[in-house]
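Below is one structure, written out as C-alpha coordinates; comments come after it.
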Amino acid sequence: MAQVNMRDLLEAGVHFGHQKRYWNPKMGEFIFGARNDIHIINLEKTVPAFEEALAFVASLAAKKNKVLFVGTKRSASKIIKEEASRCGMPYVDKRWLGGMLTNYKTIRQSIRRLRDLEEQSTDGTFAKLTKHEALTRQRLLEKLESSLGGIKNMGGLPDVIIIVDVDHEKIAVTEAKTLGIPVVAIVDTNSNPDNVDFLIPGNDDAIRSVRLFMSTFADAILEAKGQTDVVQSDFVEVAEADAGSPETAAVDAPAATETPEPAPEAAVEAVPETAPEAAVEAAAPEVVAADAAAEEGKPA
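Here the sequence shown is numbered in the working numbering, starting from 2 and rising by one per residue.
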(Lines of atoms letter the chains of each structure in order from A; the text may use other names.)
(Lines give C-alpha, C1' and ligand atoms only; values in the text may rest on other atoms or scores of the structure.)
Protein backbone atom coordinates (compact mmCIF):
# COMPACT_ATOMS: atom_id res chain seq x y z
CA MET A 2 0.00 0.00 0.00
CA ALA A 3 1.12 3.58 -0.68
CA GLN A 4 2.97 4.96 2.32
CA VAL A 5 4.35 8.25 3.56
CA ASN A 6 6.94 8.91 6.25
CA MET A 7 7.62 11.80 8.58
CA ARG A 8 10.42 13.18 6.42
CA ASP A 9 8.03 13.53 3.46
CA LEU A 10 5.53 15.34 5.67
CA LEU A 11 8.17 17.72 7.01
CA GLU A 12 9.52 18.57 3.56
CA ALA A 13 5.98 19.35 2.38
CA GLY A 14 5.33 21.64 5.36
CA VAL A 15 2.48 19.51 6.69
CA HIS A 16 3.40 20.47 10.26
CA PHE A 17 2.72 24.21 9.79
CA GLY A 18 -0.53 25.27 11.45
CA HIS A 19 -2.14 28.70 11.79
CA GLN A 20 -1.44 31.51 14.23
CA LYS A 21 -2.30 30.64 17.81
CA ARG A 22 -5.14 33.15 18.04
CA TYR A 23 -7.04 31.39 15.23
CA TRP A 24 -6.86 27.88 16.64
CA ASN A 25 -9.86 25.64 17.23
CA PRO A 26 -9.71 24.08 20.72
CA LYS A 27 -11.09 20.83 19.31
CA MET A 28 -7.77 20.40 17.48
CA GLY A 29 -5.75 20.82 20.68
CA GLU A 30 -4.81 17.15 21.00
CA PHE A 31 -3.08 17.27 17.60
CA ILE A 32 -0.97 20.35 18.33
CA PHE A 33 2.62 19.69 19.44
CA GLY A 34 3.42 23.25 20.46
CA ALA A 35 4.05 26.69 18.99
CA ARG A 36 6.97 28.62 17.56
CA ASN A 37 6.92 32.31 16.62
CA ASP A 38 3.20 32.37 17.49
CA ILE A 39 2.50 29.60 14.96
CA HIS A 40 1.02 26.27 16.02
CA ILE A 41 3.00 23.17 15.09
CA ILE A 42 1.03 20.03 14.24
CA ASN A 43 2.19 16.81 15.88
CA LEU A 44 3.25 14.63 12.95
CA GLU A 45 3.52 11.61 15.23
CA LYS A 46 -0.29 11.69 15.22
CA THR A 47 -0.59 12.64 11.55
CA VAL A 48 1.29 9.57 10.27
CA PRO A 49 -0.91 6.86 11.86
CA ALA A 50 -4.09 8.82 11.07
CA PHE A 51 -3.02 9.10 7.43
CA GLU A 52 -2.16 5.40 7.24
CA GLU A 53 -5.55 4.45 8.65
CA ALA A 54 -7.34 6.67 6.12
CA LEU A 55 -5.27 5.25 3.26
CA ALA A 56 -6.14 1.69 4.26
CA PHE A 57 -9.85 2.53 4.43
CA VAL A 58 -9.91 4.27 1.04
CA ALA A 59 -7.88 1.48 -0.56
CA SER A 60 -10.27 -1.17 0.78
CA LEU A 61 -13.19 0.60 -0.89
CA ALA A 62 -11.31 1.16 -4.15
CA ALA A 63 -10.45 -2.55 -4.30
CA LYS A 64 -14.20 -3.25 -4.41
CA LYS A 65 -14.64 -0.69 -7.22
CA ASN A 66 -16.49 1.68 -4.92
CA LYS A 67 -16.59 5.40 -5.67
CA VAL A 68 -14.24 7.86 -3.96
CA LEU A 69 -15.16 11.53 -4.38
CA PHE A 70 -12.34 14.09 -4.12
CA VAL A 71 -13.46 17.55 -2.97
CA GLY A 72 -11.35 20.71 -2.85
CA THR A 73 -12.58 23.98 -4.31
CA LYS A 74 -10.24 26.61 -2.89
CA ARG A 75 -7.48 27.95 -5.11
CA SER A 76 -4.60 26.06 -3.53
CA ALA A 77 -6.39 22.72 -3.89
CA SER A 78 -8.65 22.78 -6.97
CA LYS A 79 -6.02 22.04 -9.62
CA ILE A 80 -4.46 19.25 -7.57
CA ILE A 81 -7.85 17.71 -6.84
CA LYS A 82 -8.68 17.53 -10.54
CA GLU A 83 -5.28 16.12 -11.53
CA GLU A 84 -5.08 13.41 -8.89
CA ALA A 85 -8.73 12.34 -9.08
CA SER A 86 -8.50 12.09 -12.87
CA ARG A 87 -5.26 10.11 -12.59
CA CYS A 88 -6.90 7.43 -10.47
CA GLY A 89 -10.22 7.50 -12.35
CA MET A 90 -12.34 8.91 -9.52
CA PRO A 91 -14.96 11.71 -9.52
CA TYR A 92 -14.11 15.14 -8.14
CA VAL A 93 -15.49 18.59 -7.34
CA ASP A 94 -12.91 21.31 -7.96
CA LYS A 95 -14.88 24.49 -8.73
CA ARG A 96 -17.70 24.98 -6.28
CA TRP A 97 -19.92 22.73 -4.24
CA LEU A 98 -23.53 23.03 -5.36
CA GLY A 99 -26.06 22.89 -2.55
CA GLY A 100 -27.80 19.51 -2.75
CA MET A 101 -25.09 17.85 -4.81
CA LEU A 102 -25.51 14.76 -2.61
CA THR A 103 -28.81 15.22 -0.81
CA ASN A 104 -30.62 16.21 -4.03
CA TYR A 105 -28.74 13.92 -6.39
CA LYS A 106 -31.84 13.06 -8.43
CA THR A 107 -31.99 16.63 -9.71
CA ILE A 108 -28.24 16.74 -10.21
CA ARG A 109 -28.56 13.64 -12.38
CA GLN A 110 -30.93 15.48 -14.71
CA SER A 111 -28.38 18.22 -15.27
CA ILE A 112 -25.69 15.62 -15.93
CA ARG A 113 -27.88 14.09 -18.63
CA ARG A 114 -28.39 17.54 -20.16
CA LEU A 115 -24.62 18.02 -20.14
CA ARG A 116 -24.11 14.76 -22.02
CA ASP A 117 -26.78 15.71 -24.57
CA LEU A 118 -25.05 19.03 -25.23
CA GLU A 119 -21.66 17.33 -25.53
CA GLU A 120 -23.11 15.00 -28.15
CA GLN A 121 -24.70 17.91 -30.03
CA SER A 122 -21.42 19.79 -30.09
CA THR A 123 -19.64 16.88 -31.77
CA ASP A 124 -22.30 15.53 -34.15
CA GLY A 125 -22.81 18.78 -36.06
CA THR A 126 -26.07 19.82 -34.40
CA PHE A 127 -24.67 23.17 -33.29
CA ALA A 128 -23.67 23.99 -36.87
CA LYS A 129 -27.28 23.63 -38.01
CA LEU A 130 -28.58 26.12 -35.46
CA THR A 131 -28.74 29.88 -35.71
CA LYS A 132 -25.66 31.68 -34.43
CA HIS A 133 -27.51 32.93 -31.36
CA GLU A 134 -28.96 29.53 -30.45
CA ALA A 135 -25.63 27.78 -30.98
CA LEU A 136 -23.89 30.32 -28.75
CA THR A 137 -26.55 29.92 -26.05
CA ARG A 138 -26.13 26.16 -26.00
CA GLN A 139 -22.34 26.42 -26.03
CA ARG A 140 -22.43 28.70 -22.99
CA LEU A 141 -24.76 26.30 -21.16
CA LEU A 142 -22.44 23.43 -22.04
CA GLU A 143 -19.45 25.27 -20.59
CA LYS A 144 -21.40 26.18 -17.46
CA LEU A 145 -22.53 22.61 -16.87
CA GLU A 146 -19.05 21.24 -17.58
CA SER A 147 -17.50 23.61 -15.06
CA SER A 148 -19.99 22.67 -12.35
CA LEU A 149 -20.59 18.98 -13.03
CA GLY A 150 -17.81 17.78 -15.32
CA GLY A 151 -15.97 16.09 -12.48
CA ILE A 152 -18.95 13.96 -11.41
CA LYS A 153 -20.63 13.27 -14.74
CA ASN A 154 -19.37 9.66 -14.71
CA MET A 155 -19.97 9.06 -11.00
CA GLY A 156 -23.20 7.16 -11.66
CA GLY A 157 -24.59 7.49 -8.14
CA LEU A 158 -23.69 8.63 -4.65
CA PRO A 159 -20.05 8.16 -3.61
CA ASP A 160 -19.00 5.63 -0.98
CA VAL A 161 -16.51 7.99 0.67
CA ILE A 162 -15.49 11.64 0.33
CA ILE A 163 -11.95 12.98 0.64
CA ILE A 164 -11.99 16.67 1.57
CA VAL A 165 -9.36 19.40 1.74
CA ASP A 166 -10.33 22.05 4.34
CA VAL A 167 -13.53 21.07 6.13
CA ASP A 168 -14.35 24.66 7.04
CA HIS A 169 -14.32 25.72 3.39
CA GLU A 170 -16.33 22.63 2.35
CA LYS A 171 -18.67 22.55 5.34
CA ILE A 172 -21.80 22.04 3.19
CA ALA A 173 -20.24 18.95 1.62
CA VAL A 174 -19.41 17.63 5.10
CA THR A 175 -22.97 18.27 6.29
CA GLU A 176 -24.55 16.55 3.28
CA ALA A 177 -22.26 13.54 3.63
CA LYS A 178 -23.09 13.27 7.33
CA THR A 179 -26.81 13.44 6.55
CA LEU A 180 -26.52 10.53 4.13
CA GLY A 181 -24.11 8.50 6.24
CA ILE A 182 -21.24 8.79 3.76
CA PRO A 183 -17.81 8.51 5.47
CA VAL A 184 -15.69 11.66 5.37
CA VAL A 185 -11.89 11.60 5.14
CA ALA A 186 -10.42 15.07 5.61
CA ILE A 187 -7.22 17.07 5.98
CA VAL A 188 -7.91 19.23 9.05
CA ASP A 189 -5.79 22.27 10.00
CA THR A 190 -5.42 23.80 13.46
CA ASN A 191 -8.09 26.43 12.78
CA SER A 192 -10.77 23.98 11.58
CA ASN A 193 -13.69 22.20 13.24
CA PRO A 194 -13.16 18.42 13.10
CA ASP A 195 -16.78 17.55 13.94
CA ASN A 196 -18.47 15.12 11.52
CA VAL A 197 -15.12 13.92 10.13
CA ASP A 198 -14.81 10.14 10.30
CA PHE A 199 -11.11 9.91 9.37
CA LEU A 200 -9.35 13.04 10.59
CA ILE A 201 -5.84 13.71 9.27
CA PRO A 202 -4.26 16.65 11.12
CA GLY A 203 -2.18 18.67 8.67
CA ASN A 204 -1.61 21.84 6.68
CA ASP A 205 -4.55 22.25 4.27
CA ASP A 206 -3.25 25.50 2.74
CA ALA A 207 0.22 24.83 1.30
CA ILE A 208 0.24 23.44 -2.23
CA ARG A 209 3.01 20.94 -1.50
CA SER A 210 1.13 19.62 1.51
CA VAL A 211 -2.14 19.21 -0.39
CA ARG A 212 -0.35 17.53 -3.30
CA LEU A 213 1.40 15.07 -1.00
CA PHE A 214 -1.86 13.97 0.59
CA MET A 215 -3.88 13.77 -2.63
CA SER A 216 -1.19 12.06 -4.72
CA THR A 217 -0.72 9.44 -2.01
CA PHE A 218 -4.46 8.77 -1.92
CA ALA A 219 -4.46 8.45 -5.73
CA ASP A 220 -1.52 6.03 -5.60
CA ALA A 221 -3.29 3.92 -2.98
CA ILE A 222 -6.45 3.79 -5.11
CA LEU A 223 -4.54 2.79 -8.24
CA GLU A 224 -2.65 0.13 -6.33
CA ALA A 225 -5.86 -1.23 -4.85
CA LYS A 226 -7.46 -1.41 -8.29
CA GLY A 227 -4.39 -3.14 -9.70
CA GLN A 228 -3.62 -0.29 -12.10
CA THR A 229 -0.65 2.00 -12.56
CA ASP A 230 -1.75 4.33 -15.34
CA VAL A 231 -4.56 6.81 -15.90
CA VAL A 232 -7.82 4.90 -16.06
CA GLN A 233 -11.24 5.49 -17.52
CA SER A 234 -14.20 5.58 -15.17
CA ASP A 235 -15.46 2.18 -14.10
CA PHE A 236 -18.79 3.63 -13.07
CA VAL A 237 -22.03 3.03 -14.94
CA GLU A 238 -24.92 5.48 -14.86
CA VAL A 239 -27.93 3.93 -13.15
CA ALA A 240 -31.24 4.74 -14.79
CA GLU A 241 -33.69 6.58 -12.61
CA ALA A 242 -37.00 8.36 -13.11
CA ASP A 243 -36.66 12.02 -14.05
CA ALA A 244 -37.52 14.59 -11.42
CA GLY A 245 -37.39 18.36 -11.67
CA SER A 246 -36.08 20.65 -14.39
CA PRO A 247 -32.98 19.11 -15.99
CA GLU A 248 -31.25 22.07 -17.57
CA THR A 249 -30.14 24.41 -14.85
CA ALA A 250 -31.39 22.98 -11.57
CA ALA A 251 -27.93 21.99 -10.40
CA VAL A 252 -26.03 24.88 -11.94
CA ASP A 253 -28.24 27.50 -10.36
CA ALA A 254 -28.32 25.75 -6.98
CA PRO A 255 -26.82 27.80 -4.15
CA ALA A 256 -23.09 27.46 -3.81
CA ALA A 257 -21.44 26.59 -0.55
CA THR A 258 -21.14 29.74 1.52
CA GLU A 259 -17.55 30.76 1.92
CA THR A 260 -16.68 32.23 5.27
CA PRO A 261 -13.88 34.79 5.44
CA GLU A 262 -10.60 33.30 6.54
CA PRO A 263 -7.75 35.08 8.22
CA ALA A 264 -4.83 35.96 6.03
CA PRO A 265 -2.39 33.04 5.53
CA GLU A 266 -0.07 32.78 8.45
CA ALA A 267 3.67 33.16 8.40
CA ALA A 268 5.51 29.88 8.19
CA VAL A 269 7.61 29.16 11.19
CA GLU A 270 11.35 29.52 10.87
CA ALA A 271 12.07 26.13 12.33
CA VAL A 272 10.61 23.11 14.00
CA PRO A 273 10.33 23.62 17.77
CA GLU A 274 13.46 22.92 19.72
CA THR A 275 11.65 20.17 21.58
CA ALA A 276 10.21 18.54 18.47
CA PRO A 277 10.34 14.73 18.17
CA GLU A 278 13.80 13.41 17.34
CA ALA A 279 12.79 12.17 13.89
CA ALA A 280 11.35 15.58 13.03
CA VAL A 281 14.49 17.40 14.15
CA GLU A 282 16.75 15.20 12.07
CA ALA A 283 14.60 15.44 8.97
CA ALA A 284 13.62 19.10 9.07
CA ALA A 285 14.99 21.53 6.53
CA PRO A 286 13.24 24.63 7.95
CA GLU A 287 14.68 27.34 5.72
CA VAL A 288 13.72 25.45 2.55
CA VAL A 289 10.28 24.47 3.82
CA ALA A 290 9.45 27.96 5.08
CA ALA A 291 10.60 29.61 1.86
CA ASP A 292 8.65 27.11 -0.22
CA ALA A 293 5.50 27.53 1.84
CA ALA A 294 5.87 31.31 1.60
CA ALA A 295 6.27 31.24 -2.17
CA GLU A 296 3.25 29.02 -2.67
CA GLU A 297 0.83 30.46 -0.20
CA GLY A 298 1.94 34.01 0.38
CA LYS A 299 3.09 33.15 3.93
CA PRO A 300 6.09 35.35 4.75
CA ALA A 301 9.01 33.18 5.82
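Note that the Cβ used here is the ideal one computed from N, Cα and C, for glycine as well.
I'd like the span of the alpha helix (DSSP H) that includes V48, first residue to last.
44–63
Please go through the same chain and pick out, in chain order, the residues whose beta-carbon is closer than 6 Å to the beta-carbon of I81, but skip the five residues on each side of it.
F70, G72, Y92, D94
Tell whether a beta-carbon distance below 8 Å holds between M28 and T131.
no
Tell me where the beta strand (DSSP E) around Q4 begins and ends.
Unbroken run through Q4: none, as it is neither H nor E.
Close Cβ partners of A63 (< 8 Å) along its chain, the five nearest in sequence each way excluded:
A225, K226
Going along the chain, which residues of its own chain have a beta-carbon closer than 6 Å to the beta-carbon of V165, five neighbours each way excluded?
G72, A77, I187, D205, V211
Which residue spans inside the stretch 141–202 form an unbroken alpha helix (DSSP H) run of at least 4?
171–180
Can I222 and C88 be called in contact, C-beta distance under 8 Å?
yes
Which value, in whole angstroms, describes the spacing of the CA atoms of Q139 and K74?
26 Å
On a Cα-Cα basis, can you pick out the residue from F218, R209, P159 that is closest to E12?
R209
Supposed contact pair S111 and L149 - C-beta distance, whole angstroms, cut 8 Å:
6 Å
Considering just the uninterrupted stretch of the beta strand (DSSP E) at F127, what are its terminal residues?
Per DSSP, F127 belongs to no beta strand (DSSP E); it is in the alpha helix (DSSP H), 126–129.
For A50, collect the residues of the same chain with a Cβ closer than 8 Å to its Cβ; drop the 5 residues on either side in sequence, then sort them by chain order.
F199, L200, I201, P202
Quick one: using the 10 Å Cβ neighbour count with 16 as the cut-off for buried, is T47 buried or exposed?
buried
Own chain, CB closer than 6 Å to I152, minus 5 neighbours either side, in chain order
P91
Taking the CB atoms as reference points, tell me whether L10 and L44 lie closer together than 8 Å.
yes
Inter-residue spacing [alpha-carbon to alpha-carbon] between R116 and K106:
16 Å
Throw me the rounded Cβ distance for the T217 and V5 pair, which I believe falls under 8 Å.
5 Å
In chain order, what residues of the same chain lie with their CB nearer than 7 Å to the CB of A3, ignoring the 5 residues before and after it?
L55, T217, D220, A221, E224
In the DSSP output, what is F70 paired with across the bridge?
Y92, I163
Residue interval of the beta strand (DSSP E) (run including R36):
32–36
For I39, write down the residues that DSSP places opposite it in a beta bridge.
Q20, R36
Use the C-beta contact count for P159: other C-beta atoms within 10 angstroms, 16 or more gives buried, fewer gives exposed.
buried
Mind checking L180: buried by the 16 CB within 10 Å criterion, or exposed?
exposed
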